[in-house]
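Notes follow the structure.
Number of protein chains: 2
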Amino acid sequence: MKIAHTLPLMILLAAVSVTASPDPESRSSVIEGAERLIEYELEHSGAWDVVAHLADMIGPRPSGSPNAAEAVRWTTETLESWGLEVRNEPVIVPRWVRGREEGWLTSHRDQQIILTALGGSVATDEEGLEASVVEVRSLEEVDELGEAVRGKIVLYNLPMDMELVEQGRAFEAYSKVAGLRGSGASRAARHGAVAMLIRSLTSASLRSVHTGALRYTEGDPKIPAAAVSPEDADLIHRLLQRGNDVTMKLVLTPRKLPDVESANVVAELRGRELPEEIVLIGGHLDSWDLGTGAIDNGAGVAGTMEALRAMVELGLRPRRTVRLVLFANEEMGLRGARAYFANHEDSLDRHFATLESDAGATEPTGFATTLPAERIAALGEYLQPLERLGAANFTTARLVGADTSPLSVAGVPGFGLRPNSRHYFDYHHSAADTLDKIDPEELKQNAAAIAALTWILAEMPVDTLRAPEE
Amino acid sequence: MKIAHTLPLMILLAAVSVTASPDPESRSSVIEGAERLIEYELEHSGAWDVVAHLADMIGPRPSGSPNAAEAVRWTTETLESWGLEVRNEPVIVPRWVRGREEGWLTSHRDQQIILTALGGSVATDEEGLEASVVEVRSLEEVDELGEAVRGKIVLYNLPMDMELVEQGRAFEAYSKVAGLRGSGASRAARHGAVAMLIRSLTSASLRSVHTGALRYTEGDPKIPAAAVSPEDADLIHRLLQRGNDVTMKLVLTPRKLPDVESANVVAELRGRELPEEIVLIGGHLDSWDLGTGAIDNGAGVAGTMEALRAMVELGLRPRRTVRLVLFANEEMGLRGARAYFANHEDSLDRHFATLESDAGATEPTGFATTLPAERIAALGEYLQPLERLGAANFTTARLVGADTSPLSVAGVPGFGLRPNSRHYFDYHHSAADTLDKIDPEELKQNAAAIAALTWILAEMPVDTLRAPEE
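Residue numbers (my numbering), protein chains in the order written: chain A, 2 to 471; chain B, 2 to 471.
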């Protein structure tokens, strides 16, 4: 079915200053298309096939790796096979590979401490280092200890707030501890610490370790950094509480290799009426190295690719261009996002909206958006199709996803899918991020929400997203 | 308080043939003592201190290891410090240590397979071996495949029955799959397989691996054997289902070292009236090497040691002797249990009953027993103190614990504590068996149930355990 479309753009643009309600025919083209996409996804979604290929057939896709290159090749080929225009926009990405990762409590019968290096960590000597462990719960506590951490290993031991996690606010719980992982090494090094450990950022553990990137700050010494399992953090805590001196030997031998040329994969379904206006959808194609990147972010890649495939399959060509971007290297420093922004800075005003999926594969609970509530309210009738998915709940946030954050900061209205987050951090950045963690039925609902909102944004006849004064 | 005790034994023994009900005064000495022990344990249990020392301060205690020797030394010293008679009965135990444990899917981009050697496994060559993977679900299926497994790696991929686990019957679920781990390698080797893998026997996983002993059978080649994580088993299953040939490289370099002299730790509280009659309580002191053996079996050691400590502390000396046995090397072949049986075979008829704790640290749900239901019914009034703990549920089984199994087979009435098993196999034989998995309040209830039943068995004035014809 071709969507009916009659009113010229000028009249629509004039109408918006009077009322946000467009003519009934245009409204029905938005709603009908969204409903068809939802029904199609719930029945015939191909999202599983994509995430299954990425996770099982390619596997871990860390920045700069041969697997990451294969993911670029395979998604490009797959998108082309769907009849889309596809290009690879080069991005220079870092390459960092693990070596030995071992720790023992030399003060306590050489008990093994299970740990994994943080992404980007420098190495210890081959023989490792040995030092006393000091436990803290915040960056401020390190500053307060000051010289007392000199020559020591600093352990940041702050669990995720499980009450927030249980309330469905796992990303808030994560954001309260993620700064320790990013900044903890440099902060400890500033006061003379020789290594940094952090309790794995997770909402579940079976002696599990969760990696993630750190950021060394200019001017501070670079010290090795690793995440220990919550159980190991608890053990060290108990030993210290009992008044023991705890010393540890640490061997970490990761290596930073030369940068590699990778690419953002960019595919477009050209708009039938406003092709110069772009609704950018997507997520990152790289993953961490420990798991196979099924939920982070094979699912986001699959869901956003699938939105395009479904539109092609149903013959639904929206007013605006839908541009899919599969970003290179989100995990090790957002190089893909930065390259995209730099390459397209001169067309920012043609970016109508963004929709990022990088929060997992479970059923949708709604979307985060950079728009204020009154703008969302004005879109009310367009968003109604999302209700049957439980995905019509919009909450305002300054940023809605990592890869679209430069665009959000520049004022492009942003949306980020928010699936049920209860178990997301059980697996996130760990070896347990594997395909079996995805429920095919939930993934369908997830993909349906992405396809529907993509269509709504690309099809809505007027721009009700931006404030009138913009 | 000293328990009142007046009636001579002969009168009691005469009474039992008429009725199982002893005189009211004797009954109250059984029940009052059990109630005092329960109250004491719920308030002042020292079980936590023991399991915390074993798990945190000593750590993993695999058979023949320095840590296992330290556990013998520390428990001996601790029991002596409580005023008990303690001796070490020598046991020669095996010593087996892990080496490299690595696997990759050479057919699928060298994806890493997470695995751990089964206890006692032979090694591959240093360079490893490479072969196709054949998936089966039973020993019989291997026999049916026969020559088709020659030169292959056989993967036993049978999950635990989670319905049984949810019903509180986790040990039944475990027993349905444990035979694959014990016998799977030799069965596959008989038909020419070059290595054996098994899906980890577990009720939860975050890419977790669970070890356990295998038994090579005489006459079959010894092949390397390892447990893969459920996620990895699922991955291989999916790849095979999609029609792929799956080949794998496997490097396992464990080593069998010379046997080591270890010991069963034997401590006694001599009976005040029938010192020659023995109520044997205990569990194994060794653990697997991956975790710190908190639930398997630090908790069982702690609970049974605590029963003796509480009796000493409360001045409760029972009629019969309570003999605590902390068995060496349960995990790698029951050497401690066999040595105990061989050493004490001439006094089997003086073993009144056994009570083993080797099923975890959670709140009790009751006991397994080798006694038929009618014998338990006859003990009804003695067992009443267990009701407030929810521990008065007795179910008949042929065997009730590994270390007491030779005694059970020989006809000594056996009891085995049955804590809530819902999460036991989440941690069992894995790195996640750590102290944090124990809830101190549940451990108190667990210890209270052990202390109470120990007292009841040792104090009851007549032998209602054995059938009259025995």
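Here a beta-carbon is modelled for each residue, glycine too, at the ideal position from N, C-alpha and C.
Asked                                                                                                                                                                                             : Found
Just curious, the beta strand (DSSP E) that residue 97 of chain B is in, first and last residue?                                                                                                  : 86-98
Taking C-beta to C-beta, are residue 327 of chain B and residue 286 of chain B nearer than 8 angstroms?                                                                                           : yes
Where does residue 477 of chain B fall in DSSP's three states?                                                                                                                                    : Outside the displayed span of chain B (2 to 471) sits residue 477 of chain B, for which this structure offers no information.
Just to confirm the assignment: which complete beta strand (DSSP E) runs, minimum length 3, are found wholly within the region 199-256 of chain B?                                                : 226-229, 248-253
What whole-angstrom Cβ distance do residue 368 of chain A and residue 253 of chain A have, given they're in contact under 8 angstroms?                                                            : 39 angstroms between Cβ atoms; not a contact.
Tell me, which residues are paired with residue 115 of chain B by DSSP?                                                                                                                           : Its beta-bridge partners do not exist; DSSP assigns none.
Any idea if residue 45 of chain A is buried or exposed, counting beta-carbon neighbours within 10 angstroms, 16 or more meaning buried?                                                           : exposed
What in chain B is Cβ-close to residue 58 of chain A, meaning under 7 angstroms?                                                                                                                  : 109
Can you tell me where the alpha helix (DSSP H) holding residue 77 of chain B begins and where it ends?                                                                                            : 67-82
What are the partner residues of residue 54 of chain A, as DSSP defines its beta bridges?                                                                                                         : In DSSP, residue 54 of chain A forms no bridge with anything.
Roughly how many angstroms lie between the CA atoms of residue 106 of chain A and residue 113 of chain A, to the nearest whole one?                                                               : 7 angstroms
Between the Cα of residue 40 of chain A and the Cα atoms of A:459, A:387, A:419, which residue gives the shortest distance?                                                                       : A:387
Give the straight-line distance between the Cα atoms of residue 444 of chain B and residue 456 of chain B, rounded to the nearest whole angstrom.                                                 : 18 angstroms
So what's residue 283 of chain A in DSSP terms, helix, strand or just coil?                                                                                                                       : strand
Does residue 455 of chain B come out as helix, strand or coil in the three-state DSSP assignment?                                                                                                 : helix
Can you pull the chain B neighbours of residue 332 of chain A, defined as C-beta to C-beta under 7 angstroms?                                                                                     : What residue 332 of chain A touches in chain B: nothing, since even the nearest Cβ is about 18 angstroms away.
Please go through the region 102-182 of chain A and give each complete alpha helix (DSSP H) segment of 4 or more residues, from N-terminal end onward.                                            : 140-146, 163-167
For residue 314 of chain B, report the span of its alpha helix (DSSP H) as first-last.                                                                                                            : 300-315
Applying a beta-carbon distance threshold of less than 9 angstroms, which residues of chain B neighbour residue 241 of chain A?                                                                   : Per Cβ cutoff of 9 angstroms: no residues; residue 241 of chain A is ~11 angstroms from chain B at best.
Would you call the CB atoms of residue 234 of chain B and residue 211 of chain B closer than 8 angstroms?                                                                                         : no
Among the residues of its own chain, which have a CB less than 8 angstroms from the CB of residue 264 of chain B, if the five just before and after it don't count?                               : 73, 89, 90, 91, 92, 329
Considering only the beta carbon of each residue, do residue 355 of chain A and residue 251 of chain A sit closer than 8 angstroms?                                                               : no
So who's on the other strand from residue 1 of chain B, going by DSSP bridges?                                                                                                                    : Any answer about residue 1 of chain B is impossible in this case: the structure gives chain B only from 2 up to 471.
Under a CB-based cut-off of 8 angstroms, is residue 207 of chain A close to chain B?                                                                                                              : yes
State the Cα-Cα distance for the pair residue 108 of chain A and residue 435 of chain B, rounded to the nearest angstrom.                                                                         : 18 angstroms
Can you give me the C-alpha to C-alpha distance between residue 376 of chain A and residue 466 of chain A, rounded to a whole angstrom?                                                           : 6 angstroms
Find the residues of chain A that neighbour residue 115 of chain B, judging by a C-beta separation of less than 9 angstroms, and give them in chain order.                                        : 432
Does the region 414-428 of chain B come close enough to the region 340-351 of chain B to have 3 or more Cβ pairs within less than 8 angstroms?                                                    : no
To the nearest angstrom, how far is it from the Cα of residue 216 of chain B to the Cα of residue 196 of chain B?                                                                                 : 14 angstroms
So with CB distances below 8 angstroms, who are the chain A contacts of residue 89 of chain B?                                                                                                    : Within chain A, no residue comes near residue 89 of chain B; the closest Cβ sits about 20 angstroms away, beyond 8 angstroms.
Excluding the 5 residues preceding and the 5 following residue 71 of chain B in the sequence, name in chain order all residues of the same chain whose CB lies nearer than 7 angstroms to its CB. : 59
In the structure shown, what three-state DSSP assignment does residue 265 of chain B receive?                                                                                                     : strand
Can you tell me which of A:37, A:27, A:28 puts its alpha carbon nearest to the alpha carbon of residue 452 of chain A?                                                                            : A:37
Taking DSSP's pairing of strands, which residues face residue 352 of chain B in a bridge?                                                                                                         : B:279
Using beta carbons (cut-off 8 angstroms, strictly below), is residue 435 of chain A in contact with chain B?                                                                                      : yes
Counting only beta-carbon atoms, is residue 455 of chain A nearer than 8 angstroms to chain B?                                                                                                    : no
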